[in-house]
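Worksheet for the structure shown next.
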Amino acid sequence: MNNLAKKVAMPTKPIKFEQWIEVGAISDIPKDGARVVKTPLGDIAVFRNLQDEVFALRDKCPHKGGPLSQGIIYGRTVACPLHNWSIALETGIAVAPDEGCAASFPIRLDGEKVFLSLTPSDGSADH
Amino acid sequence: MKRMKLVMVGNGMAGVRTLEELLKLAPDLYDITVFGSEPHANYNRILLSPVLAGEQTIKDIMLNDVDWYEKNGITLHLNKKITRIDRKNRSVHADDGTSAGYDRLILATGSNPFILPVPGNDLAGVISFRDIHDVDAMIEASGKYQHAVVIGGGLLGLEAANGLKLRGMDVTVVHLPDALMERQLDPVASKMLQKSLEDKGLNFLMGKQTEQLIGRDGRVAAVRFKDGQEVPADLVVMAVGIRPNTQLAESAGIHCNRGIVVNDTMQTFDPRIYAIGECVSHRGIAYGLVAPLFEMAKVCANHLAEFGIGRYTGSVTSTKLKVTGIELFSAGDYLGGEGTEDLLLSDPKGGLYKKLVLKDNKLVGAVLYGESTDGNWYFKLMREGTDVSALRNRLLFGETHLGDSGHGGQNRAAAMQDADQVCDCNGVCKGTIVKAIVTKGLFTLDDVKSHTKAAASCGSCTGLVEQILAHTLGGDYEAPEAKPMCKCTDYTHDQVRAAIRDQQLTSIPDVMAKLEWKRADGCPSCRPALNYYLISTWPETAKDDYQSRYINERAHANIQKDGSYSVIPRLWGGSVTVDQLRAIADVAEKFEVPTMKITGGQRIDLLGVKKETLPEVWGFLADRGLVSGHAYGKALRTVKTCVGSEWCRFGVQDSTQMGIDLEEMTWGSWTPHKFKMAVSGCPRNCAEATIKDFGVVAIESGWELHVGGNGGVKVRATDLLCRVTTREEVLEYAAAFMQIYREEARYLERTAPWVERVGLAYIKGRVVDDAEGRAAAYKRFLESQEIYRFDPWAERAKGVDKHEFTPMKVIEGQTA
Numbered sequence: 000m001n002n003l004a005k006k007v008a009m010p011t012k013p014i015k016f017e018q019w020i021e022v023g024a025i026s027d028i029p030k031d032g033a034r035v036v037k038t039p040l041g042d043i044a045v046f047r048n049l050q051d052e053v054f055a056l057r058d059k060c061p062h063k064g065g066p067l068s069q070g071i072i073y074g075r076t077v078a079c080p081l082h083n084w085s086i087a088l089e090t091g092i093a094v095a096p097d098e099g100c101a102a103s104f105p106i107r108l109d110g111e112k113v114f115l116s117l118t119p120s121d122g123s124a125d126h
Numbered sequence: 000m001k002r003m004k005l006v007m008v009g010n011g012m013a014g015v016r017t018l019e020e021l022l023k024l025a026p027d028l029y030d031i032t033v034f035g036s037e038p039h040a041n042y043n044r045i046l047l048s049p050v051l052a053g054e055q056t057i058k059d060i061m062l063n064d065v066d067w068y069e070k071n072g073i074t075l076h077l078n079k080k081i082t083r084i085d086r087k088n089r090s091v092h093a094d095d096g097t098s099a100g101y102d103r104l105i106l107a108t109g110s111n112p113f114i115l116p117v118p119g120n121d122l123a124g125v126i127s128f129r130d131i132h133d134v135d136a137m138i139e140a141s142g143k144y145q146h147a148v149v150i151g152g153g154l155l156g157l158e159a160a161n162g163l164k165l166r167g168m169d170v171t172v173v174h175l176p177d178a179l180m181e182r183q184l185d186p187v188a189s190k191m192l193q194k195s196l197e198d199k200g201l202n203f204l205m206g207k208q209t210e211q212l213i214g215r216d217g218r219v220a221a222v223r224f225k226d227g228q229e230v231p232a233d234l235v236v237m238a239v240g241i242r243p244n245t246q247l248a249e250s251a252g253i254h255c256n257r258g259i260v261v262n263d264t265m266q267t268f269d270p271r272i273y274a275i276g277e278c279v280s281h282r283g284i285a286y287g288l289v290a291p292l293f294e295m296a297k298v299c300a301n302h303l304a305e306f307g308i309g310r311y312t313g314s315v316t317s318t319k320l321k322v323t324g325i326e327l328f329s330a331g332d333y334l335g336g337e338g339t340e341d342l343l344l345s346d347p348k349g350g351l352y353k354k355l356v357l358k359d360n361k362l363v364g365a366v367l368y369g370e371s372t373d374g375n376w377y378f379k380l381m382r383e384g385t386d387v388s389a390l391r392n393r394l395l396f397g398e399t400h401l402g403d404s405g406h407g408g409q410n411r412a413a414a415m416q417d418a419d420q421v422c423d424c425n426g427v428c429k430g431t432i433v434k435a436i437v438t439k440g441l442f443t444l445d446d447v448k449s450h451t452k453a454a455a456s457c458g459s460c461t462g463l464v465e466q467i468l469a470h471t472l473g474g475d476y477e478a479p480e481a482k483p484m485c486k487c488t489d490y491t492h493d494q495v496r497a498a499i500r501d502q503q504l505t506s507i508p509d510v511m512a513k514l515e516w517k518r519a520d521g522c523p524s525c526r527p528a529l530n531y532y533l534i535s536t537w538p539e540t541a542k543d544d545y546q547s548r549y550i551n552e553r554a555h556a557n558i559q560k561d562g563s564y565s566v567i568p569r570l571w572g573g574s575v576t577v578d579q580l581r582a583i584a585d586v587a588e589k590f591e592v593p594t595m596k597i598t599g600g601q602r603i604d605l606l607g608v609k610k611e612t613l614p615e616v617w618g619f620l621a622d623r624g625l626v627s628g629h630a631y632g633k634a635l636r637t638v639k640t641c642v643g644s645e646w647c648r649f650g651v652q653d654s655t656q657m658g659i660d661l662e663e664m665t666w667g668s669w670t671p672h673k674f675k676m677a678v679s680g681c682p683r684n685c686a687e688a689t690i691k692d693f694g695v696v697a698i699e700s701g702w703e704l705h706v707g708g709n710g711g712v713k714v715r716a717t718d719l720l721c722r723v724t725t726r727e728e729v730l731e732y733a734a735a736f737m738q739i740y741r742e743e744a745r746y747l748e749r750t751a752p753w754v755e756r757v758g759l760a761y762i763k764g765r766v767v768d769d770a771e772g773r774a775a776a777y778k779r780f781l782e783s784q785e786i787y788r789f790d791p792w793a794e795r796a797k798g799v800d801k802h803e804f805t806p807m808k809v810i811e812g813q814t815a
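As structure tokens, then:
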């Protein structure tokens, strides 16, 4: 399941460099924490885990729309603050047995800087 | 790395459970080979009785099918009996010539039914009740023959007799002792059981010793007893006991003594060889019930996985008879003896009998007949060694009589319909749970939680789910004695806490490293618990890790369904001034707060505040002298009061001032779960102090102190702790009680279940009787308050944790 999810959700379309938007430095986000980036598409939650990996998901749990940025982050997962659904940070897919998906957005680190693209990753754009 | 070879002889419940546990811990450590002498994969032997009775089918009771073995890379040899262990060359050999080498060997050979050594015991139609083969034989015989005789009036014999009767046979139970199930029941309960089984149409021959089985044309036709009596029998089921199957072990020179002798880590005298299940003798006891076997499995797997923690130290067992319509439960020392006393409730005509055996104010045994729904509760009290002296006058009437009048709904599992909802949070019906238990082979509460979500949210139906588990699995269900904190560790809450204290661990990474956490980063269940244990144990040195706190505590406000927050300023003792009311009105107006609400704890709730606005709102309130009400935390919430003697014509003490004093002392303190107090100015108790964690009721001569109340999902009235005279005493007792709760209760355990778990006598011993201990706890409380009694709102209004409340970036305009 996990392996499959990774394959589906990693951005496969090449994203042009111009689309990357600098949103700040990694140190702006606490370890195992998240910040919100406000965009015309709605809020996007930007996560940083203990290993300093960064992830970006639409700030809405697929269950009841809870703000994922407010959840507890562990490993590569966030637990939604409203009803404790677990959502995979890489893909936005709810951890089984729950079902659903939050749109994930391409994000990358360039040194200290965090860049975000507002084109949702493949496989989750519809959600 | 080359994998080690693990071979298991035997393919029953205990053995396969060991493999399941092992695969969870160390999936890649071994190449596993299993030999089973039956042609079936692993099935639930406990449920053979319902299969015989026609209530379930073989398919229903399969636990692991052949696919499971394949999926887990296990080599499975069915229908092959191992006849020889070559310990020198470390290999096992089957009757058909198959052999396998091992680095570690598990003997899970189970037990054999004991066959009476009487002439004719080898005739056709003489069987035991042990496996699917026997059940098939019984079902077949019931279609062709009339007379069945079951020899043995124990649990298994009675279940067999009941099943055969339901299949239309004429059944006689023969029992050598004078009383049925004499190893589980006292004589009174035994007689009552016999009576109701007779009413169901079973015949009993008590005190009869079988002399011979008489055959005709090679098949059994009658049973003759020592006294000369003969009864016709076309089918004889021997259910006179089991013997651990030690033949293979003995032939290999492994020490056996009425069972394969093992130590607390389930190793035999050959340390490469483990033994598990019904074939073992542990500290001189051979167990025949599934719960102890599963406990052994856990320990065995842990050692095979090279974790090396955990010992099996024996089990207290309980039994339930799986005969539909008969409620029977027995556990522990049901007969009593030197130094024990009995509590009895006997209503033979009404078919009700309860006997509880107490020793040193603790429950040590129980027999329940006619009404066994409280069995699990009694069993829990036994296992946890709860001091029951405070409840002994109500104990016999069961848990529902302890003031648990709320929605919790224990003890009704049996009466529920399949469509009845059990878990109101997640909308799970009884039928769904039963189906999951039966079809997925679930044995524990955790299994049921993850498969069905029942009891996975507020937990108030946990008792009911456990009841359903017990009811579905029959007498062999036992709640695990000590549950690990979460899936990240095998340690319990208490063990983790002790390690934090004894090894002076002061950070979450320290704890995880020292205790070998299985997931580097923990999970949302253990991290908040660890953070709490750290800051409550080491208030001065442990750093409060906000990322391990639930959002409400991290943001110091309560998250609402739309992602906005609620703000509840502290109103000391529930009293307000004009200025405070004006400040609240002003802040609501200025920030356009959509909804205001008076809370149950006498506070004013401002709902629908956006997160970014929180610091500003707080700053506004702080300027007007208002501080955080901690309505969002596992912390001191509110002290509710009535007006008391200052105004009330009945009031005997100044309850409002007492409430303010208590709140000023305790605000800001973090507790295992939320903590509420109330002070009433007279015994009319208008502040409802007797459903609070700590309640104070004024009396003419001083104050009554009450503890462990709860007004939530499961209403519980407080227990009276003691009476005191002065204001100072009230403060000291309150702080001491709170501090001991903070130090000893498990995270997310309210005072109500905590007091029930440890017993009121224990709390009294610590808070009332031990003046020195109380003073010390009071001091520790105040020391911790030196650090934690501050207003988190004012800090944040001045810029602390700014990142929590501001967006990282605002991207304007259109997107591509």
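Going down the list, the sequences are from chains A and B. Note that numbering that gives the first Met the number 0 gives residue 74 to position 75 of the first sequence, counting from 1, and the numbers run on in steps of one. Note that numbering that gives the first Met the number 0 gives residue 338 to position 339 of the second sequence, counting from 1, and the numbers run on in steps of one. All residues carry an ideal CB built from backbone N, CA and C; glycine is no exception.
Can you find at least 3 beta carbon pairs, one from the stretch 251 to 271 of chain B and one from the stretch 200 to 212 of chain B, that sit closer than 8 Å? Contact between the stretch 251 to 271 of chain B and the stretch 200 to 212 of chain B is absent, because fewer than three Cβ pairs lie under 8 Å.
Tyr333 (chain B) beta carbon less than 8 Å from that of Asp185 (chain B): It is a contact, given that the beta carbons lie within the stated cut-off.
Ala519 (chain B) touches chain A at which residues, Cβ-Cβ below 8 Å? Neighbours of Ala519 (chain B) on chain A, chain order: Leu49 and Gly74.
Would you please verify whether the beta carbon of Asp31 (chain A) is less than 8 Å from any beta carbon of chain B? The beta carbon of Asp31 (chain A) falls within 8 Å of a beta carbon belonging to chain B, placing the residue at that interface.
Expected contact under 8 Å - CB spacing of Thr209 (chain B) and Leu115 (chain B) to nearest Å: Contact flag correct, Cβ pair sits at about 6 Å.
Looking at the secondary structure, which residues open and close the alpha helix (DSSP H) in which Lys673 (chain B) lies? Careful: Lys673 (chain B) lies outside any alpha helix (DSSP H) and carries neither H nor E.
Could you check if Pro118 (chain B) is buried or exposed, using at least 16 other CB atoms within 10 Å of its CB as the buried criterion? Exposed, since its Cβ has fewer than 16 Cβ neighbours within 10 Å.
Just reading off the beta strand (DSSP E) that Asn684 (chain B) is part of, what are its end residues? Neither: Asn684 (chain B) is in no beta strand (DSSP E) and is coded neither H nor E.
Beta-carbon of His802 (chain B) versus every beta-carbon of chain A: anything under 8 Å? With respect to chain A, the C-beta atom of His802 (chain B) has a partner C-beta closer than 8 Å.
Taking C-beta pairs closer than 9 Å, name the residues in chain B that Lys63 (chain A) reaches, listed in chain order. In chain order: Lys560.
Take Ala13 (chain B) as the anchor and find which of B:Pro26, B:Lys1, B:Asn63 and B:Val50 has the nearest alpha-carbon. Ranking the options by Cα distance to Ala13 (chain B), first place goes to B:Asn63.
To the nearest angstrom, report how far apart Arg69 (chain A) and Tyr549 (chain B) are at their CA atoms. Reading the sequence as shown, one finds Gln at residue 69 (chain A) and not Arg. In this model, Gln69 (chain A) and Tyr549 (chain B) are separated by some 9 Å (Cα to Cα).
Taking 8 Å as the CB-CB cut-off, is Lys37 (chain A) touching chain B? It does: the Cβ of Lys37 (chain A) has a partner Cβ on chain B nearer than 8 Å.
Within 10 angstroms of its Cβ, does Gln409 (chain B) collect 16 or more other Cβ (buried), or is it exposed? Confidence is the limiting factor: at Gln409 (chain B) the pLDDT is only 40, short of 50, which leaves the residue's position unreliable and the question unanswerable from this model.
Have a look at B:Thr471, B:Leu529, B:Asp133 and B:Thr576 and flag the residue whose alpha-carbon is nearest the alpha-carbon of Val495 (chain B). Nearest option by C-alpha distance: B:Leu529.
Am I right that Ile507 (chain B) and Pro80 (chain A) are in contact with their C-beta atoms under 8 Å? What's the rounded C-beta distance? Rounded, the Cβ-Cβ distance is 20 Å, inconsistent with contact.
Pick out whichever of B:Ser345, B:Asn88 and B:Thr385 has its Cα sitting closest to the Cα of Leu367 (chain B). Closest option to Leu367 (chain B), Cα to Cα, is B:Ser345.
Please list the partners that Pro806 (chain B) has in chain A, where partner means a Cβ-to-Cβ separation under 9 Å. What Pro806 (chain B) touches in chain A: Arg34, Val35, Val36, Lys37 and Asp42.
Which whole-angstrom value describes the C-beta separation of Thr488 (chain B) and Ala541 (chain B), a residue pair presumed to lie in contact below a C-beta threshold of 8 Å? 19 Å between Cβ atoms; not a contact.
Do you know whose CA, among B:Asn301, B:Phe442, B:His254 and B:Lys143, lies nearest Ala290 (chain B)'s CA? Checked all of B:Asn301, B:Phe442, B:His254 and B:Lys143; the closest Cα to Ala290 (chain B) is B:Phe442.
Once DSSP output is grouped into helix, strand and coil, what is the label at Thr438 (chain B)? In this structure, Thr438 (chain B) counts as helix in the three-state DSSP scheme.
Which of the three DSSP states is assigned to Asn530 (chain B) in this structure? Asn530 (chain B) falls in the helix class under three-state DSSP.
Assign Met168 (chain B) to one of three DSSP states: helix, strand, or coil. Three-state result, Met168 (chain B): coil.
Assuming Ile659 (chain B) contacts Ser574 (chain B) under a Cβ cut-off of 8 Å, what Cβ separation, rounded to an integer in Å, is found between them? Approximately 7 Å separates the beta-carbon atoms of Ile659 (chain B) and Ser574 (chain B); this is inside 8 Å, confirming the contact.
Give the residues of chain B in contact with Gly142 (chain A), contact being defined as C-beta atoms less than 7 Å apart. Look at the range of chain A in this structure, 0 to 126, and you will see that residue 142 (chain A) is not part of it.
Whole-Å CB distance - Arg75 (chain A) paired with Glu89 (chain A), under 8 Å assumed: At roughly 6 Å, the Cβ-Cβ gap stays under 8 Å, so Arg75 (chain A) and Glu89 (chain A) are in contact.
Kindly give me the distance between the Cβ atoms of Lys37 (chain A) and Pro614 (chain B), rounded to whole angstroms, as I take these residues to be in contact under 8 Å. A Cβ-Cβ distance of about 17 Å is found for the pair Lys37 (chain A) and Pro614 (chain B), leaving them out of contact under the 8 Å criterion.
I need the straight-line Cα distance from Cys299 (chain B) to Ile275 (chain B), nearest angstrom please. One C-alpha to the other measures close to 8 Å.
Compare the beta carbon distance of Ile150 (chain B) and Ala238 (chain B) with 8 Å and say whether it is the shorter of the two. Yes, Cβ-Cβ distance for Ile150 (chain B) and Ala238 (chain B) is below 8 Å.
Out of curiosity, what's the CA-to-CA distance linking Cys460 (chain B) and Gly384 (chain B)? So the alpha carbons of these two residues sit roughly 24 Å apart.
Excluding the 5 residues preceding and the 5 following Gln784 (chain B) in the sequence, name in chain order all residues of the same chain whose CB lies nearer than 8 Å to its CB. Within the same chain, and ignoring the five residues on either side of Gln784 (chain B) in sequence, the residues whose Cβ sits closer than 8 Å to its Cβ are Met664, Thr665, Gly667 and Ser668.
Between Lys884 (chain B) and Tyr564 (chain B), which are expected to be in contact by the criterion C-beta below 8 Å, what is the C-beta distance as a whole number of angstroms? The question about residue 884 (chain B) has no answer here: the residues shown for chain B are numbered 0 through 815.
Helix, strand or coil: how does DSSP classify Leu24 (chain B) here? In this structure, Leu24 (chain B) counts as helix in the three-state DSSP scheme.
So the beta strand (DSSP E) Arg822 (chain B) belongs to, where does it begin and stop? Limits of chain B in this structure are 0 at one end and 815 at the other, which puts residue 822 (chain B) out of reach.
Under 7 Å between beta-carbons, which chain B residues line up against Pro80 (chain A)? List them in chain order, please. Against chain B, the beta carbon of Pro80 (chain A) has neighbours under 7 Å at Ile550 and Ile558, listed in chain order.
Cβ shell of Glu703 (chain B) (< 6 Å), same chain only, five flanking positions each side left out: Cβ neighbours of Glu703 (chain B) beyond the five flanking positions: Val696 and Arg722.
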